[in-house]
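J.: Protein chains in written order, with my numbering: chain A, 37 to 505; chain B, 37 to 505; chain C, 37 to 505.
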Amino acid sequence: MNFSKLFRCFKKAVLACLAVCGLFVSDGGAVFAADPTGAETLAADPGLALDFVWVLIAAFLVFLMQGGFAMVEAGLCRAKNAVNLMMKNLMDFSIGSLAFFAVGFAIMFGADIGGLFGSTGWFLSGDHYDVSTYLLFIFQMVFAATAATIVSGAVAERIKIRAYLIYALVICALIYPVYGHWVWGGGWLANLDFGLGHLDFAGSGVVHAMGGFIGLAGAIVLGPRIGKYGKDGKPRAIPGHNVVLAALGTFLLWFGWFGFNAGSTLSAHELRISVIAVNTALSASAGSLTAMLAVYLKTRKWDVPMGLNGALAGLVAVTAPCAWIEGWAAVVIGAIAGVMVVGGVYLLEKLKVDDPVGAVSVHGINGVWGLLAVGLFADGTYGNYTSEGPLATGLFYGGGWEQLIAQGIGAVICVGWAFMLGFILFKSMDKIFGIRVSPQEEIEGLDIMEHGAKAYPGVSISEDIRYDL
Amino acid sequence: MNFSKLFRCFKKAVLACLAVCGLFVSDGGAVFAADPTGAETLAADPGLALDFVWVLIAAFLVFLMQGGFAMVEAGLCRAKNAVNLMMKNLMDFSIGSLAFFAVGFAIMFGADIGGLFGSTGWFLSGDHYDVSTYLLFIFQMVFAATAATIVSGAVAERIKIRAYLIYALVICALIYPVYGHWVWGGGWLANLDFGLGHLDFAGSGVVHAMGGFIGLAGAIVLGPRIGKYGKDGKPRAIPGHNVVLAALGTFLLWFGWFGFNAGSTLSAHELRISVIAVNTALSASAGSLTAMLAVYLKTRKWDVPMGLNGALAGLVAVTAPCAWIEGWAAVVIGAIAGVMVVGGVYLLEKLKVDDPVGAVSVHGINGVWGLLAVGLFADGTYGNYTSEGPLATGLFYGGGWEQLIAQGIGAVICVGWAFMLGFILFKSMDKIFGIRVSPQEEIEGLDIMEHGAKAYPGVSISEDIRYDL
Amino acid sequence: MNFSKLFRCFKKAVLACLAVCGLFVSDGGAVFAADPTGAETLAADPGLALDFVWVLIAAFLVFLMQGGFAMVEAGLCRAKNAVNLMMKNLMDFSIGSLAFFAVGFAIMFGADIGGLFGSTGWFLSGDHYDVSTYLLFIFQMVFAATAATIVSGAVAERIKIRAYLIYALVICALIYPVYGHWVWGGGWLANLDFGLGHLDFAGSGVVHAMGGFIGLAGAIVLGPRIGKYGKDGKPRAIPGHNVVLAALGTFLLWFGWFGFNAGSTLSAHELRISVIAVNTALSASAGSLTAMLAVYLKTRKWDVPMGLNGALAGLVAVTAPCAWIEGWAAVVIGAIAGVMVVGGVYLLEKLKVDDPVGAVSVHGINGVWGLLAVGLFADGTYGNYTSEGPLATGLFYGGGWEQLIAQGIGAVICVGWAFMLGFILFKSMDKIFGIRVSPQEEIEGLDIMEHGAKAYPGVSISEDIRYDL
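1) Can you name the residues of chain C whose CB is closer than 7 Å to the CB of T417 (chain B)?
2) Taking CB distances under 7 Å as the criterion, tell me whether H244 (chain C) reaches chain B.
3) Check for me: the beta strand (DSSP E) holding D444 (chain B) runs from which residue to which?
4) Just checking, does the segment 165 to 184 of chain A make contact with the segment 297 to 315 of chain C on the three C-beta pairs under 8 Å criterion?
5) Assign A147 (chain C) to one of two classes, buried (16 or more other C-beta atoms within 10 Å of its C-beta) or exposed (fewer than that).
6) I need the straight-line Cα distance from I372 (chain A) to T326 (chain A), nearest angstrom please.
7) Which residue's Cα is closest to the Cα of D81 (chain A): C:H305, C:W360, C:G343?
8) Please report the residue range of the beta strand (DSSP E) in which G419 (chain C) lies.
9) Alpha carbon to alpha carbon, how far is Y418 (chain C) from G83 (chain C)? Give it in angstroms, no decimals.
10) In chain order, what residues of the same chain have a beta carbon less than 8 Å from the beta carbon of T156 (chain C), not counting five sequence neighbours either side?
11) Does the CB of P341 (chain B) have a neighbour CB from chain A at under 7 Å?
12) Considering Cα atoms alone, identify which of C:A356, C:S324, C:I479, C:G251 is closest to A510 (chain C).
13) Would you call W364 (chain B) buried or exposed, if buried means 16 or more other Cβ atoms sit within 10 Å of its Cβ?
14) Starting from A428 (chain B) and walking both ways along the beta strand (DSSP E), at which residues does that stretch end?
15) Does the ligand PLP have a heavy atom nearer than 6 Å to the CB of W293 (chain B)?
16) How far does the alpha helix (DSSP H) with P475 (chain C) in it extend, from its first residue to its last?
17) Exposed or buried, S240 (chain A), counting other C-beta atoms within 10 Å across all chains shown (16 or more means buried)?
18) Would you list the one or two residues that DSSP bridges to Y265 (chain B)?
19) Residues in the segment 355 to 379 of chain A with C-beta within 8 Å of chain B's C-beta atoms, listed in sequence order?
20) Starting from F105 (chain A) and walking both ways along the alpha helix (DSSP H), at which residues does that stretch end?
21) Assuming V279 (chain A) contacts A118 (chain B) under a Cβ cut-off of 8 Å, what Cβ separation, rounded to an integer in Å, is found between them?
22) Quick one: measure Cβ to Cβ for G285 (chain B) and V191 (chain B), integer angstroms, because I've assumed they're closer than 8 Å.
23) With a threshold of 7 Å between beta-carbons, can F60 (chain B) be considered close to chain C, or not?
24) For F101 (chain C), decide whether its Cβ has a neighbour in chain B, counting only Cβ atoms nearer than 7 Å.
25) For the putative contact between Q443 (chain B) and L235 (chain B), defined by C-beta atoms under 8 Å, what is the C-beta separation to the nearest angstrom?
26) Let's see if you can read the secondary structure: which residues bound the alpha helix (DSSP H) around V279 (chain C)?
27) If I follow the unbroken alpha helix (DSSP H) through E76 (chain B), where does it start and stop?
28) Compute the distance between the beta-carbons of F249 (chain A) and A454 (chain A), then report whether it is under 7 Å.
29) Quick check: is the beta carbon of I174 (chain A) nearer than 7 Å to any beta carbon in chain B?
30) How do the segment 223 to 234 of chain B and the segment 491 to 498 of chain B stand: do at least 3 beta-carbon pairs fall below 8 Å, yes or no?
31) Return helix, strand or coil for V389 (chain C), following the three-state DSSP convention.
32) What does the Cβ neighbour count give for S130 (chain B), buried or exposed, with the cut at 16 atoms within 10 Å?
33) Which of the three DSSP states, helix, strand or coil, is assigned to R308 (chain C)?
34) Would G425 (chain A) pass as a contact of F413 (chain A) if the rule is Cβ separation under 7 Å?
35) Grouping DSSP H, G and I as helix and E and B as strand, with all else coil, what is I361 (chain B)?
36) Does DSSP classify V67 (chain A) as helix, strand or coil?
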């Protein structure tokens, strides 16, 4: 019961933190007109109150997606790792939000340096203690945490906690914000000289493909779970332990996604939000339907987890184009996404990459599809993240190849950056301390060894998996 | 792995879909002033931005009710059918929303033909590509899907998937929108020559009685589950498998119901929304309390599932009158609803109708009660879906029998239409392909046969039911 | 099947209720200018429509916290009491909201009498049938129910239902509203002659410490659960039955807390809401991180339930100061809260107080910490629940000891009032009818005896607890 020691350590840490923060608090000050109270901001534009309400509520909805991801991942993985997954989903938000507060936000949205990264706003201190900055921060913080949490599905059931804590930190502090700056922070991709530059309304690329391809790198470095492939090399199904939780999680994600997409206007005075919301719903509906049908045509079974992933795939795919398309296009985009997620799952199995919850197919592959869809379906009614100015027009609406090229370039950069940085990150950790748990721990489950607890103590849950091959 | 074939099929389907959509896109065009961007709409009335925010968020909340229904139904049914129920709840939204997009919305809210049905707005195309139309659409779409999902509880644990997919389609494309047009689309019931015409603020009739009595028809055509009635004809309890999920689902539904009722102003400039929200909460509270007490007085046990259904009954009953009554009336309406849901469950058991989750009592019977309550408790402070114009006044507030008659007529039509169309639908499907699964499948559970998966693989769950009688 | 008797009883009750309500309806009337429709209120200040939307949505989010508490408590307790806990969480809202409607709201916010309690607004009748009053009511009602539901965690797994129903009533009708009046209803604590008077922005004291210390009283009167302490007096872990549910509940609570804190401006025209939301998230993140680390340093296990409680502790602690501090201070406050919740759990175990879910540590101890934190970290940028007027300034920002003294006085009064009234309440009930279930019932679980049902029928769940000592 060494509590006094604990408290001494903690006291030192707090004092150090205070000192550091003090530095930031002291710099800046009255140089710019920061408004921590909001009175001046409101007086300057009374309409902002509504925008604050809209963006905040959207941010709250996106936050709830953390709970949705937790339920989906728990449901699609085995009971013996459920405690571990709960910790991951709790910690990626906790660590991610603090990292984004300290560093990530400044890199993503700070004063631009050469189109490459931002450089101001560390700890939201000094002049960044401002109601508008805090508003932007909370919306972006929940997005950053979403990117981090996507990864946890792909590396589930076999990664060490230490590796997890580190990658959540690095993603939210560095990998995500840098690419995010290029697209949303006024960086070079936003200013590409094709079409309106690379467009990604709510983050099919910035958030989803980013998370999906970092996850792919992690899954490759880790290798497949024991028992996933037989001696003959054939993949085996490792069913999750709770389809009901997975469905609940999907409904929570879908719910949160309305905030994710429609909130990305960052303004309630863009009435286009209604079109965005409709597109979001229709794409998800179409995705779940075609994913279910695709599997049914192949196996004659109605595969519910795939239907859930189909809905998520539709949501991911419509995330980039949601503001630039009309309803029927959302249906088409979602329908294709539903088929692609099924194909992606089979493809990864063939490639011997083990992605327990299908995160790479859902977020990675369909994130790319969403980016390209902008270049195809943008219908020339909406502009550069606003209803004014030059309008985004895709190939099918007479816009030629311009926008599609901008989308393709962004997609390639996104996948490359995510996979490369992800690979370096996981590989270096693996070299230094080994990121995979021992085979014994993996077979017994991570919950007992790492957490000293079972998710469902007293319940006997058997596993129908052969580990001997 | 016949994927190329799959993709060829899909390509054809997409091309056909594009062609069809193209037809609709080409019609209309510049006849009316559609505003897909929202800039003109906002310029014409800046106050609309707040209404957009209000209606969208309300729609998101109503969407989450899908997750709530999924949890309630899963919790109150047996584990062996949980995967099936998840699919139903996913698919009724997916199919329902697409059907409502393609057809239902046009029938319900399109240009009126003879007070009977609407006729414009198919696929939201042409002039319907407009921010205001899309706004109305998303709010109404989540309502349509709610009506469909109510049915799934009543027909649970024994219906074939094919029948399910078809009825979700028909309800959202046809049965629901036609009646909906009569009440909310300017149809004949809205213009009844009694009181202010038939009034149903947020859909006790349009959504809940509709879903409940279609469900009753389905439950009758299907017949009771094996084991529900003994040789002696006495009903037996078939307990659900997870009371905690049922409770979670009820809280999610209650949460979503705030959007359902208060959002039905379709405007945030009706400050009556605060009264609506209070009434919604108080009625649910009273309903759960009286349902619990009613069972306790009879059995000396505190029956939690009945308490949950009591809360839902209170919510259903207050849905029609929520805008026209004050707080104490909401308490009375909810208290009566809580007793009626208990009585309804016993009554249906006596009539040998097997409704696994009590959907008919909750939504059907209390939907009717809600419609009548308007004619009793409307207190003359609020008008015809607006704070202006002639005020709705019920029997208890000196309004005489006028409004009650209008409510009674609407209720009879609602029940008749729902039950009749539902019966025809289920009966014809039953004649054509048989809508009930085989006894063997029913006993083993639908999950393994239809979905090739268990909701909780590896967990041994025994059943305390005698199937031999 | 004595239904006719049941209905006769009920009819009498309803008639009596109508009579009573009629009394209230008749009094008042046109004396003040009540506006049940909202048209006049809106005409007088069109900006209010946005405030209505903001406060209502925040209230809905806070309502959902009931579902969150239900999941956390179910998850952290044993399966054999899960039905009972669902009933508690349903009933405390049902009874609590009706009690607050009838009595509590009038005591808390009615016309002040001597700084001690309010005296008008019973049943929201007469002039209180007004859109603005109803708006305030629903926001405050969900707060009152939160205070009641906090208690249920501390007394879980051994209290009789009757005791539960009574205390939910007394807390929401009396104990909570009286103290609430002192702080938020213009009572004596709000007008203390130190600093700006006692400040508690969203209720670290009013709601959380209140609930936590009533819970402490209940836990003391009840005594520890059988098996919690061995013959040697050493505490033993009694693990909850479902960590996934506990995590889900935490995410739901966190989500709802955004409404709890940011909605407490009661106005969307305080743009400070963005700062409040950010502080809320950061404090929770820091709390979960330090709680997890504190246990890890002690046990080398990553304790997920403690991480969840750490997040909640951070949320509780930031609830009072959230409007008066900047981001880094929220991190510090949350980080300390995370450590304090761990310390509190160990301390209570040493004191032989059995608090199954850690409610006293989370809500009680950290509620007090939150009150004090205002006096330390308030940074002089925000005033007395508004952006205008004199600014709250704490010790660390040169405000001297004034505000800290006001906070200390309020904290002492809060703890004293909660514990004293709670103790009297539980002790008198215990004297009169005995509030603890029989040892046999406790060992078998409350679900079968009191509810005649199991949460998970058919699932075998073993317990690893020795009851023989």
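Note that beta-carbon positions come from the ideal geometry of N, C-alpha and C, so glycine has one too.
T.: Looking at the atomic coordinates:
1) Near T417 (chain B) (Cβ distances below 7 Å), the residues of chain C are P72, T73.
2) By this cut-off, H244 (chain C) is not an interface position.
3) Note that residue 444 (chain B) corresponds to Gly in the displayed sequence, not to Asp. Here G444 (chain B) belongs to no beta strand (DSSP E); instead the alpha helix (DSSP H) covers 438 to 469.
4) Three or more pairs of CB atoms, one per stretch, sit closer than 8 Å, so the segment 165 to 184 of chain A contacts the segment 297 to 315 of chain C.
5) Per the 10 Å Cβ criterion, exposed.
6) Approximately 8 Å between the Cα atoms of the pair.
7) Answer by Cα proximity: C:H305.
8) That run of the beta strand (DSSP E) goes 415 to 419.
9) When rounded, the distance between both Cα atoms is 22 Å.
10) Cβ within range, chain order: A142, G146, A147, H164.
11) With its beta carbon at least 7 Å from every one in chain A, P341 (chain B) lies outside the interface.
12) Lying before the first or after the last residue shown, residue 510 (chain C) is absent from chain C, which here runs from 37 to 505.
13) In summary, W364 (chain B) is buried, with 16 or more beta-carbon neighbours lying within 10 Å of its beta-carbon over all protein chains present.
14) Note, A428 (chain B): beta strand (DSSP E), 427 to 429.
15) Summarising the ligand content, the structure contains no ligands, and the ligand PLP is consequently not present.
16) Bounds of the alpha helix (DSSP H) holding P475 (chain C) are 475 to 480.
17) So S240 (chain A) counts as buried.
18) Paired residue(s): B:P271.
19) So the close ones are E362, G363, W364, V367, V368, A371, I372, V375, G379.
20) Here the alpha helix (DSSP H) through F105 (chain A) covers 84 to 112.
21) Their Cβ separation, rounded to whole angstroms, is 7 Å, which keeps V279 (chain A) and A118 (chain B) in contact under 8 Å.
22) Not a contact, Cβ separation roughly 18 Å.
23) Residue confidence for F60 (chain B) is low, a pLDDT of 44 falling below 50, so the modelled location carries little weight and cannot support an answer.
24) Going by the sequence as given, residue 101 (chain C) is Met instead of Phe. Not one chain B Cβ lies under 7 Å of M101 (chain C).
25) The beta carbons of Q443 (chain B) and L235 (chain B) sit about 7 Å from each other, so the pair counts as a contact at 8 Å.
26) Its alpha helix (DSSP H) spans residues 279 to 298.
27) Run containing E76 (chain B): 75 to 80, per the alpha helix (DSSP H) assignment.
28) For the pair F249 (chain A) and A454 (chain A), the CB atoms are nearer than the 7 Å cut-off.
29) I174 (chain A) does not count as touching chain B.
30) Result no; under three Cβ-Cβ pairs closer than 8 Å.
31) Three-state DSSP puts V389 (chain C) in coil, outside helix and strand.
32) With 16 or more other Cβ atoms within 10 Å, it is buried.
33) Three-state DSSP puts R308 (chain C) in coil, outside helix and strand.
34) At least 7 Å separates the beta-carbon of G425 (chain A) from that of F413 (chain A).
35) Coil, per DSSP.
36) Because V67 (chain A) carries a pLDDT of 39, less than 50, the predicted location of this residue cannot be relied on, and the following value inherits that uncertainty. Per DSSP, reduced to three states, the secondary structure at V67 (chain A) is coil, with no helix or strand assignment.
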